[in-house]
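Asks: One structure coming up, written as structure tokens, with questions to follow.
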Amino acid sequence: MLHRVRRLFDIYAAYHLPQDAPRPRVARWRLVPGFVAAGARALPAALRWARHRDPAARARVKQLLDLSGPAPVQLDADLLRRPSDPTVPEGAGVTLVMPVYNGLDLLRPALDRVARHTDIPWRIVIVDDASPDPDVLPFLRDWAERHPQAQLIEAPENLGFVGAVTLGMVAARDWADPVVLLNSDAFVPAGWAARLLSPIWEDARVGSVTPLSNDAELGSVPEPGRARDIAPDLAEAVDRHAATLNGAARVAAPAGVGFCMALSPKALAEVPEFDAVFAPGYGEEVDWCQKTAQKGFTHLYVPNLFVAHVGGQSFGSEAKQRLIARNSALISRRYPRFDAEVHGFLRRDPLVTARLALGLAQVEQTRRGPLPVYLAHSMGGGAEVDLQRRLMADLARVGAALVIRVGGVFRFTLDLHDLRPDGSAGVTSGGTASAAMIAQLLAPVTGREVIYACGVGDPDPITLPDLMLSLRGPRDGLEVLVHDYFPLSPTPSLLEAGETWKGLPDPQTASPRHATRRPDGATVPLSRWRADWGRLLYTADRVTCFSEASARLIRQAYAGAPVEVSPHALHAEVPRIPRPEGPPVIGILGSLAPHKGAGVAQRLSRALKPGDPGLVLLGEIDPAYRLYRPARMHGRYAVEDLPDLVARYGITCWFIPSVWSETFSFTTHEALATGLPVMVFDLGAQADAVRAAGDDGAVLPLSAAEDMSMILETAKRLSSPA
Numbered sequence: 000m001l002h003r004v005r006r007l008f009d010i011y012a013a014y015h016l017p018q019d020a021p022r023p024r025v026a027r028w029r030l031v032p033g034f035v036a037a038g039a040r041a042l043p044a045a046l047r048w049a050r051h052r053d054p055a056a057r058a059r060v061k062q063l064l065d066l067s068g069p070a071p072v073q074l075d076a077d078l079l080r081r082p083s084d085p086t087v088p089e090g091a092g093v094t095l096v097m098p099v100y101n102g103l104d105l106l107r108p109a110l111d112r113v114a115r116h117t118d119i120p121w122r123i124v125i126v127d128d129a130s131p132d133p134d135v136l137p138f139l140r141d142w143a144e145r146h147p148q149a150q151l152i153e154a155p156e157n158l159g160f161v162g163a164v165t166l167g168m169v170a171a172r173d174w175a176d177p178v179v180l181l182n183s184d185a186f187v188p189a190g191w192a193a194r195l196l197s198p199i200w201e202d203a204r205v206g207s208v209t210p211l212s213n214d215a216e217l218g219s220v221p222e223p224g225r226a227r228d229i230a231p232d233l234a235e236a237v238d239r240h241a242a243t244l245n246g247a248a249r250v251a252a253p254a255g256v257g258f259c260m261a262l263s264p265k266a267l268a269e270v271p272e273f274d275a276v277f278a279p280g281y282g283e284e285v286d287w288c289q290k291t292a293q294k295g296f297t298h299l300y301v302p303n304l305f306v307a308h309v310g311g312q313s314f315g316s317e318a319k320q321r322l323i324a325r326n327s328a329l330i331s332r333r334y335p336r337f338d339a340e341v342h343g344f345l346r347r348d349p350l351v352t353a354r355l356a357l358g359l360a361q362v363e364q365t366r367r368g369p370l371p372v373y374l375a376h377s378m379g380g381g382a383e384v385d386l387q388r389r390l391m392a393d394l395a396r397v398g399a400a401l402v403i404r405v406g407g408v409f410r411f412t413l414d415l416h417d418l419r420p421d422g423s424a425g426v427t428s429g430g431t432a433s434a435a436m437i438a439q440l441l442a443p444v445t446g447r448e449v450i451y452a453c454g455v456g457d458p459d460p461i462t463l464p465d466l467m468l469s470l471r472g473p474r475d476g477l478e479v480l481v482h483d484y485f486p487l488s489p490t491p492s493l494l495e496a497g498e499t500w501k502g503l504p505d506p507q508t509a510s511p512r513h514a515t516r517r518p519d520g521a522t523v524p525l526s527r528w529r530a531d532w533g534r535l536l537y538t539a540d541r542v543t544c545f546s547e548a549s550a551r552l553i554r555q556a557y558a559g560a561p562v563e564v565s566p567h568a569l570h571a572e573v574p575r576i577p578r579p580e581g582p583p584v585i586g587i588l589g590s591l592a593p594h595k596g597a598g599v600a601q602r603l604s605r606a607l608k609p610g611d612p613g614l615v616l617l618g619e620i621d622p623a624y625r626l627y628r629p630a631r632m633h634g635r636y637a638v639e640d641l642p643d644l645v646a647r648y649g650i651t652c653w654f655i656p657s658v659w660s661e662t663f664s665f666t667t668h669e670a671l672a673t674g675l676p677v678m679v680f681d682l683g684a685q686a687d688a689v690r691a692a693g694d695d696g697a698v699l700p701l702s703a704a705e706d707m708s709m710i711l712e713t714a715k716r717l718s719s720p721a
């Protein structure tokens, strides 16, 4: 027992130990109290897993010990509440300051949107920073003449962004209104100003307000710090959805972004200008935000406004890159905690709900087909490998996909996958316990392909069929993937006590292993389980099985369901391997859980005597089991390494010890592809695959799971030269 606790602590430390801990041993000891406390909370679930192999209990242990990887951020339900229209104070107005340097192609539509879309009394101070383009200044003079709200300042020489903004801010002192710094490549949407200024009107301690954008550092959508190009019409569609969000769910941040940033009059009275040391530009708004924060002002992002930042380089990207290192170092010297504040903001990402909501709104406009929406688990394995392959294909075909995961820190974790400009995949994640919130976030997406991948690990899985059905619109597709037998029983392997296979359980005579308990303590018998999951399978457009063996069981339980068989392709090409010379050695492929034959492997290793075949596991074994010497455990392997591993260990035949009816056995197909003989029990997809390869003699009766001599004798026979 002690070695199992130590091994579990090693796993816990691997998840929780900071990678940059200066004293790793001390840091490990500091994890012990948290491990003990979490272990105490997880003990009831651990005992249930030990007694009943309940996958939900195993998932609960992982959840309580936080062994599911980096925890997602909790989604904020308040953001999705019905918003109220901003209340504009009597006599309120705004002064816009727009520095200009070339960029006439963006300047024209930017100013046009200011004139058409600003929803409160406004004036604008335009500062031409000695633009060398001869067409810019005549255009600005003409525009200012036609708009009495405009004041044009013509700088005699190029001052850079900071200098141009300072000229504008000095001019803006003639009025007591809030000031909005607005780049000439920022495209404001209809009704933008009241949404941006509401926090300043409502709270005297608000120093600045920044909207969300495709390019706004911490306020970027869907990923912070990653700029993405966006078409103006797409940005307006995203903003229409943003306007439906609750603007009161605003978020404090270490600094705003000057492409479209409202500055309060009170904060400007304390710090009236940007510091010229940051000229010609970069970091000046951070410096201003930090200075005003020291005087008690807060700096906010508003989630209910999305402003397109279409150029992202008003003053030249090359110049910006040269300045980043210098000015970033200056910020770090002046404000030593700033970098930590930014990292802390990103870790807790209070804007993630808005990023998901607006990311999905953007997907609705850009998708090239129905959005794939998967329900998946958080436990890895073959189902996860298949999911990742599907996601890669979905991104290439549709451009995005949504995965709703169960069994993690939160009941549901939403992962929005989409394509970045460089072709890599971006992921935006957030967690919730609310199925209703999932429906709200998905509301903008009118075309979906809903796909059940795996629900093992959910604390209340009887509700999953109705969740899947609720996500499907009248014209949406619905598919069920049969990676295990969870649609047939709460025990997804269908194994009885003692990890024994007795086939498909009958709802009228099923053992307690095939019932489950809901969070409120109510028991769900197998008869109800089949009825509820049957609704899902009968409603689906197709139920995809990956072998005839699993299809037979699904058809037996749900006669008439739209079952289709579509075997997996192997993850990688497997090389043919010549049989090594020497004594027989059994190689076991894959990581062994109880249903994958961990108990068989343990018994086989214990039974080995001098003169028997050797035994080596290319994979890992469940912590509740062990291999006895002289058996060896190599650990995880890569398919391309199999020739070297076969030669190193002298493997002459393979053994796939699964004691359940595999829905598809990747390891069996990998083993067969090597050309070496393969032993399996007479069960499921693994036996079908070996028979199809023409080697009935390597298919062992299931009774051999208790008769180690039969396995060893078969290995000797298969390993002998032909």
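With numbering that gives the first Met the number 0 applied, the sequence shown has no gaps in its numbers, which climb one by one up to 721 at the end. Note that beta-carbon positions come from the ideal geometry of N, C-alpha and C, so glycine has one too.
#1: From this set, 705, 704, 677 and 103, which residue's C-alpha is nearest residue 695's C-alpha?
#2: Looking only at C-alpha atoms, which of 593, 589 and 577 sits nearest to residue 495?
#3: Can you give me the C-alpha to C-alpha distance between residue 617 and residue 589, rounded to a whole angstrom?
#4: For residue 364, tell me which candidate among 230, 438 and 503 has the shortest Cα-Cα distance.
#5: List the whole-angstrom C-beta distance separating residue 212 from residue 205, where the pair is believed to meet the contact cut-off of C-beta under 8 angstroms.
#6: For the candidate residues 42, 39, 8 and 394, whose alpha-carbon lies nearest to that of residue 29?
#7: What does the alpha-carbon distance come out to for the pair residue 76 and residue 246?
#8: Name the DSSP beta bridge partners of residue 414, please?
#9: Can you tell me where the alpha helix (DSSP H) with residue 127 in it begins and where it stops?
#10: Which two residues bound the contiguous beta strand (DSSP E) that contains residue 586?
#11: Name the one or two DSSP bridge partners that residue 300 has.
#12: For the candidate residues 90, 300 and 183, whose alpha-carbon lies nearest to that of residue 216?
#13: Do residue 573 and residue 661 have their C-beta atoms closer together than 8 angstroms?
#14: Classify residue 342 as buried or exposed, calling it buried when 16 or more other Cβ atoms lie within 10 Å of its own Cβ.
#15: Are the Cβ atoms of residue 244 and residue 281 separated by less than 8 angstroms?
#16: Classify residue 391 as helix, strand or coil using the three-state DSSP reduction.
#17: Can you tell me the Cα-Cα spacing of residue 547 and residue 565, whole angstroms?
#18: If you count every other CB in all the chains shown that lies within 10 Å of the CB of residue 100, and 16 or more means buried, which is it?
#19: Could you give the first and the last residue of the continuous alpha helix (DSSP H) run that contains residue 653?
#20: So what's residue 98 in DSSP terms, helix, strand or just coil?
#21: Do residue 403 and residue 372 have their C-beta atoms within less than 8 angstroms of each other?
#22: For the region 442–456 and the region 504–519, state whether three or more C-beta atom pairs, one from each stretch, are separated by less than 8 angstroms.
#23: Among 400, 674 and 310, which residue has its Cα nearest to the Cα of residue 641?
#24: With DSSP as the reference, label residue 593 as helix, strand or coil.
#25: Using alpha carbons as the reference points, say which of 433, 264 and 81 lies closest to residue 91.
#26: Go ahead and label residue 313 buried or exposed: buried means 16 or more other beta carbons lie within 10 angstroms of its beta carbon, across all protein chains shown.
#27: Is the CB-CB distance between residue 349 and residue 250 below 8 angstroms?
#28: Identify whether residue 637 lies in helix, strand or coil by the three-state DSSP scheme.
#29: Okay, do the region 611–629 and the region 546–562 touch, 3+ Cβ pairs below 8 angstroms being the bar?
#30: Please return the same chain residues whose Cβ sits closer than 7 angstroms to the Cβ of residue 584, not counting the five positions on each side in sequence.
#31: Kindly indicate which residue of 298, 424 and 441 has the alpha-carbon position closest to the one of residue 352.
#32: Cutting at 7 angstroms between CB atoms, please list the residues of its own chain near residue 148, excluding the five before and the five after it.
#33: Taking only three categories from DSSP, how would you classify residue 451?
#34: Give the C-beta separation of residue 413 and residue 400 to the nearest angstrom, bearing in mind that I take them to be a contact with Cβ-Cβ under 8 angstroms.
#35: Assign residue 702 to buried or exposed, taking buried as 16 or more other Cβ atoms, counted over all protein chains shown, within 10 Å of its Cβ.
#36: Would the region 267–279 and the region 185–203 be scored as touching if the rule is three or more Cβ pairs under 8 angstroms?
Replies: Reading from the atomic positions:
#1: 677
#2: 593
#3: 6 angstroms
#4: 230
#5: Between residue 205 and residue 212 the Cβ distance is about 19 angstroms, and since that is not below 8 angstroms, they are no contact.
#6: 8
#7: 13 angstroms
#8: 402 and 428
#9: That residue, residue 127, is in no alpha helix (DSSP H); its beta strand (DSSP E) goes 121–127.
#10: 584–588
#11: 209 and 250
#12: 300
#13: no
#14: exposed
#15: no
#16: helix
#17: 9 angstroms
#18: buried
#19: Counting along the chain, residue 653 falls outside any alpha helix (DSSP H), though it belongs to the beta strand (DSSP E) covering 652–655.
#20: strand
#21: yes
#22: no
#23: 674
#24: helix
#25: 264
#26: Here the model assigns residue 313 a pLDDT of 45, short of 50, so the residue's position is not dependable, and the following value carries that caveat. It is buried - the Cβ of residue 313 has at least 16 other Cβ atoms within 10 Å.
#27: yes
#28: coil
#29: no
#30: 612, 613, 615, 648, 649, 650 and 651
#31: 441
#32: 121, 122 and 123
#33: strand
#34: 11 angstroms between Cβ atoms; not a contact.
#35: exposed
#36: no
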